[in-house]
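This report refers to the structure that appears directly beneath it.
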Amino acid sequence: MADPTQSGEGAAPAEALAPIIVKKITIEGGGGHHGGAWKVAYADFVTAMMAFFLLLWLLGATTEKQRKGLADYFTPTLVKLRNESAGSNGMLGGSSITDVDNYPNRAGQTGTQSLTIPRDTTGGPKEGGADIHKRAKRQQDIAKRIEEKLALKERLKRLSKQVRVVRDPQGVRIDLVDDADFSMFHLGSTMMTAEAQEVVAIIAQAVQPEGRQLIVRGHTDALPWTNGRKGNNWALSAGRAESTRQVLMRSGIGRNQFERIEGVADREPLIADDPM
Numbered sequence: 078m079a080d081p082t083q084s085g086e087g088a089a090p091a092e093a094l095a096p097i098i099v100k101k102i103t104i105e106g107g108g109g110h111h112g113g114a115w116k117v118a119y120a121d122f123v124t125a126m127m128a129f130f131l132l133l134w135l136l137g138a139t140t141e142k143q144r145k146g147l148a149d150y151f152t153p154t155l156v157k158l159r160n161e162s163a164g165s166n167g168m169l170g171g172s173s174i175t176d177v178d179n180y181p182n183r184a185g186q187t188g189t190q191s192l193t194i195p196r197d198t199t200g201g202p203k204e205g206g207a208d209i210h211k212r213a214k215r216q217q218d219i220a221k222r223i224e225e226k227l228a229l230k231e232r233l234k235r236l237s238k239q240v241r242v243v244r245d246p247q248g249v250r251i252d253l254v255d256d257a258d259f260s261m262f263h264l265g266s267t268m269m270t271a272e273a274q275e276v277v278a279i280i281a282q283a284v285q286p287e288g289r290q291l292i293v294r295g296h297t298d299a300l301p302w303t304n305g306r307k308g309n310n311w312a313l314s315a316g317r318a319e320s321t322r323q324v325l326m327r328s329g330i331g332r333n334q335f336e337r338i339e340g341v342a343d344r345e346p347l348i349a350d351d352p353m
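Structure representation (structure tokens):
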């Protein structure tokens, strides 16, 4: 039998066969379907949404006492609050009893510092009870009394900006702040200036109706003592606190109303960037 590949009509020449084409595709980078970056962004979005809904659930599921505990844990220190809080330099530090509060409440509750008392509130100041309202009202009353009494004396009107009445975890704090035009004490001494004595006397009249325990705290700047002078900023700040206590007592505050006096030297500068 003859080989059809060698001869005959059914034979197909070798060069008539279809060529074999091999296609090679090289994938470089991660450009397919715009890469994988969108997956990371989507995962971040889903995580953020999950955290958001978890927060909403916690606000509705926790009690006022639990929320107050969390809020107190993240409350900044007094120095940090004083240095970085927003608002004016007025007697209330830019705050008002009608300001919208920032306390964590039940979902949907909003209001002012004087009105927003959650329905399930119980207990005293540590438990986050109605003391919030009382403290805000007391702050307003003291500030108003001081401002009115300063306004009665023409030469003391300008010093109203030196008195700041703010709230802190212990109650209401009254700051008497120095500036370029006013100094509470003579430089490097515990001797109070005449103007400062008048202001402290007005403060005593403003807080006397409250009948509460008082803490007097003294401060200094960070200027070092000159060689040869005996003393230090710790003793100076404590001495200034005692001088203030004496003026408060002469102005009507009872001896038993003082819980303690403190001297903190230059450890709590009003202006952290300029402790001098």
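With the working numbering applied, the sequence shown corresponds to residues 78 to 353, in that order. Even glycine gets a Cβ: it sits at the ideal position worked out from N, Cα and C.
Which class does residue i belong to by DSSP, given the choice of helix, strand or coil?
i: G316; result: helix
i: I52; result: No answer is possible for residue 52: the residues shown for the chain start at 78 and end at 353.
i: R241; result: strand
i: I251; result: strand
i: K157; result: For K157, the predicted model reports a pLDDT of 48, less than 50, meaning its position is unreliable; a value from the coordinates is still stated below. Three-state result, K157: helix.
i: D218; result: helix
i: R235; result: helix
i: I223; result: helix
i: L300; result: coil
i: I98; result: coil
i: Q186; result: In this predicted model, Q186 has a pLDDT of only 49, less than 50, meaning its place in the structure is not dependable enough to derive any value.
i: N309; result: coil
i: L347; result: coil
i: P202; result: The pLDDT assigned to P202 is 49, lower than 50, so where the model puts this residue is not dependable; a value taken from the coordinates is nonetheless given after this. P202: coil per DSSP, three-state reduction.
i: Q229; result: The residue you asked about is not Gln; residue 229 is Leu in the sequence shown. It is coil, neither helix nor strand.
i: P286; result: helix
Measuring alpha carbon to alpha carbon, tell me which of the options ends up nearest residue i.
i: P301; options: L264, I330, R327; result: L264
i: T267; options: M353, T124, A342; result: A342
i: R289; options: R337, L236, L133; result: R337
i: I330; options: I280, V117, R232, E225; result: I280
i: Q67; options: A318, I219, A114; result: Any property of residue 67 remains undetermined from this structure, which presents the chain solely from 78 to 353.
i: R212; options: A148, G146, Q247, Q143; result: Q247
i: R222; options: E231, R232, S237; result: S237
i: S260; options: H296, L291, E231; result: H296
i: Q285; options: S328, A312, D256, A257; result: S328
Output the boundary residues of the alpha helix (DSSP H) element that contains residue i.
i: G137; result: 114 to 138
Quick one, are the C-beta atoms of residue i and residue j less than 9 Å apart?
i: D252; j: R244; result: no
i: V249; j: R215; result: yes
i: A315; j: E339; result: yes
i: E272; j: L325; result: no
i: V254; j: L347; result: yes
i: E287; j: K230; result: no
i: P352; j: A318; result: no
i: R144; j: L133; result: no
i: L291; j: Q239; result: no
i: T321; j: M269; result: yes
Per DSSP, which one or two residues make a beta bridge with residue i?
i: E339; result: R294
i: M269; result: F262
i: D256; result: F259
Sorry if obvious, but does the Cβ on residue i come closer than 8 Å to a heavy atom of the ligand ATP?
i: I292; result: No copy of the ligand ATP occurs in the structure displayed, which carries no ligand at all.
Within 9 Å (strictly less), CB to CB, does residue i reach chain B?
i: H296; result: You won't find chain B in this structure, because it holds only one protein chain.
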